[in-house]
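Novice:
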DNA sequence: TCTCCTCGAGATCT
DNA sequence: CTCGAGGAGA
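In my numbering, the protein residues as written are 53 to 402.
1. Below 9 Å between beta carbons: does that hold for residue 163 and residue 146?
2. Which of the three DSSP states, helix, strand or coil, is assigned to residue 213?
3. Counting beta carbon pairs with one atom in the region 87-100 and one in the region 191-209, are three or more of them shorter than 8 Å?
4. Given a cut-off of 9 Å on the beta-carbon distance, is the pair residue 207 and residue 110 in contact?
5. With a Cβ-Cβ cutoff of 9 Å, do residue 81 and residue 223 count as a contact?
6. Would you list, in sequence order, the uninterrupted beta strand (DSSP E) runs of no fewer than 3 residues that lie entirely inside the region 101-149?
7. For residue 185, name the three-state secondary structure that DSSP assigns.
8. Does DSSP put residue 287 in a helix, in a strand, or in coil?
9. Does the beta-carbon distance from residue 189 to residue 259 come in below 9 Å?
10. Assuming contact is defined by CB atoms lying nearer than 9 Å, are residue 185 and residue 124 in contact in what I supplied?
11. Taking residue 138 as the reference, which of 155, 122, 98 and 132 has the closest Cα?
12. Per DSSP, what kind of secondary structure is residue 157 in: helix, strand or coil?
13. Starting from residue 248, trace the alpha helix (DSSP H) in both directions and tell me its first and last residue.
14. Since residue 201 contacts residue 225 with CB under 8 Å, what's their CB separation in whole angstroms?
15. Measure the beta-carbon distance from residue 291 to residue 84 and round it to whole angstroms, keeping in mind my assumption that it falls under 8 Å.
16. Short of 7 Å in beta carbon distance, which residues of its chain neighbour residue 214, apart from the five on each side in sequence? Order them along the chain.
17. So residue 270 and residue 248 are supposed to be a Cβ contact under 8 Å. How far apart are they, rounded?
18. Pull the bridge partners of residue 97 from the DSSP assignment, please.
19. Residues in its own chain within less than 7 Å of residue 413 by CB, not counting five upstream and five downstream?
20. Kindly indicate which residue of 176, 140 and 148 has the alpha-carbon position closest to the one of residue 127.
21. According to DSSP, what are the bridge partners of residue 389?
22. Could you spell out where the beta strand (DSSP E) holding residue 225 opens and where it closes?
23. How many angstroms separate the CA atom of residue 141 from the CA atom of residue 117?
24. On the CB-based measure, 16 or more other CB atoms within 10 Å of its CB, does residue 129 come out buried or exposed?
25. Using C-beta distances below 6 Å, list every residue in its chain close to residue 272, excluding the 5 sequence neighbours before and after it, in chain order.
26. In the DSSP assignment, what are the bridge partners of residue 177?
27. Using the rule of at least 16 other Cβ atoms within 10 Å of the residue's Cβ for burial, across every protein chain shown, is residue 275 buried or exposed?
28. Could you compute how far the alpha carbon of residue 63 sits from the alpha carbon of residue 228?
29. How many Å lie between residue 211 and residue 132 at the Cα?
30. In the DSSP assignment, the beta strand (DSSP E) including residue 195 goes from what residue to what residue?
31. What separation, rounded to the nearest whole angstrom, lies between the Cα atoms of residue 388 and residue 355?
32. Considering Cα atoms alone, identify which of 79, 253, 115 and 136 is closest to residue 86.
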């Protein structure tokens with residue numbers, strides 16, 4: 053949908069897209085989680101590009117604790133249409149008449165794909181009226197959809213244009229989750245996901261139907277995630293947007309500790325790759341024993357546990373920077389010991 | 001080693 | 001848009 057304004061001097065400013073301000077500045081965040089309350093969203097459009105194409109249908113279903121508790125489904129009449137010439141009219145019977153001229157809102161490719169015809173669109177409400185109601189329905193819930201950036205980008209522009217407000221809801225993309233969890237699949241189109249899980253794909257490409265299909269996929273994906281990971285949280289930490297492994301992410305549920313344990317109250321730092329366990333598991337053990345995890349060697353550090361540095365080509369003399377710093381501190385008289393991972397395992401076995 | 005970048009490849013939505 | 005690789009700097 054082309055949206056622009058022309059000022060007195062005839063200067064054209066795009067209302068959306070690469071226009072007056074940073075594009076979709078207030079868009080929500082892409083989340084990796086499976087919320088209890090959410091709205092599954094899908095739209096049908098006249099094409100793939102929000103700059104030139106329009107929304108023709110909005111479908112959305114609200115779920116609470118796995119159950120449907122609300123539904124929004126409505127066709128939309130776009131502002132834009134194109135005129136048909138005599139040749140066009142010979143080829144189709146699906147067109148509308150505006151001011152005596154034959155016009156189409158959507159081409160035959162979209163009609164074939166979605167089953168939505170120009171005749172159906174003709175009786176629909178205008179975008180602005182539909183969006184007003186949809187805005188109320190959506191509220192500020194988390195949005196879920198397949199490749200949901202597509203839908204959100206269209207709606208974001210339409211919200212700004214018609215309602216003069218951004219669409220800032222956070223969202224969960226089932227395609228992003230599927231790509232992470234179903235690596236063995238070559239493609240991750242909605243259709244591929246339904247085939248993998250044997251989910252009914254009938255009625256696809258109408259907005260609200262796609263919402264139901266997407267929700268079924270979502271529930272299957274959640275099961276797969278829990279099969280492959282200990283928790284949703286662990287899964288979330290495995291994605292690239294997650295910023296590394298930080299000591300503050302390791303917490304313990306224990307409330308009582310053996311104060312005699314050699315690691316109790318001690319600040320432990322790891323360097324290198326541990327042979328027998330993941331660093332995060334080792335850090336978890338430290339936390340459960342009442343020890344304190346840190347990210348770097350400081351004056352407060354008590355133990356530096358040495359893993360294997362062979363994988364790091366930058367370390368030529370066999371000592372990491374953490375180890376050098378630890379040895380320096382020890383010479384200065386600090387209460388710090390550099391231990392091998394085997395010594396660490398002996399300590400935690402007691 | 002750790003953190004923060006940039007950049008290119010690849011894929012999905014109608 | 002997201003991911004992963006590879007580089008710069010700390």
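A virtual CB, placed ideally from N, CA and C, is assigned to each residue, including glycine.
All values derive from a computational prediction rather than experimental measurement.
Specialist: On the basis of the supplied data:
1. yes
2. helix
3. yes
4. yes
5. yes
6. 107-116 and 119-129
7. helix
8. helix
9. no
10. yes
11. 155
12. coil
13. 242-249
14. 7 Å
15. 5 Å
16. 179, 180 and 183
17. 13 Å between Cβ atoms; not a contact.
18. 107
19. Outside the displayed span of the chain (53 to 402) sits residue 413, for which this structure offers no information.
20. 176
21. 355
22. 223-225
23. 50 Å
24. buried
25. 249
26. 128
27. exposed
28. For residue 63, the pLDDT reaches just 37, beneath the cut-off of 50, and the residue's location in the model is therefore unreliable, although a value from the coordinates is still provided. Between residue 63 and residue 228, the C-alpha separation is close to 41 Å.
29. 16 Å
30. 195-197
31. 6 Å
32. 115
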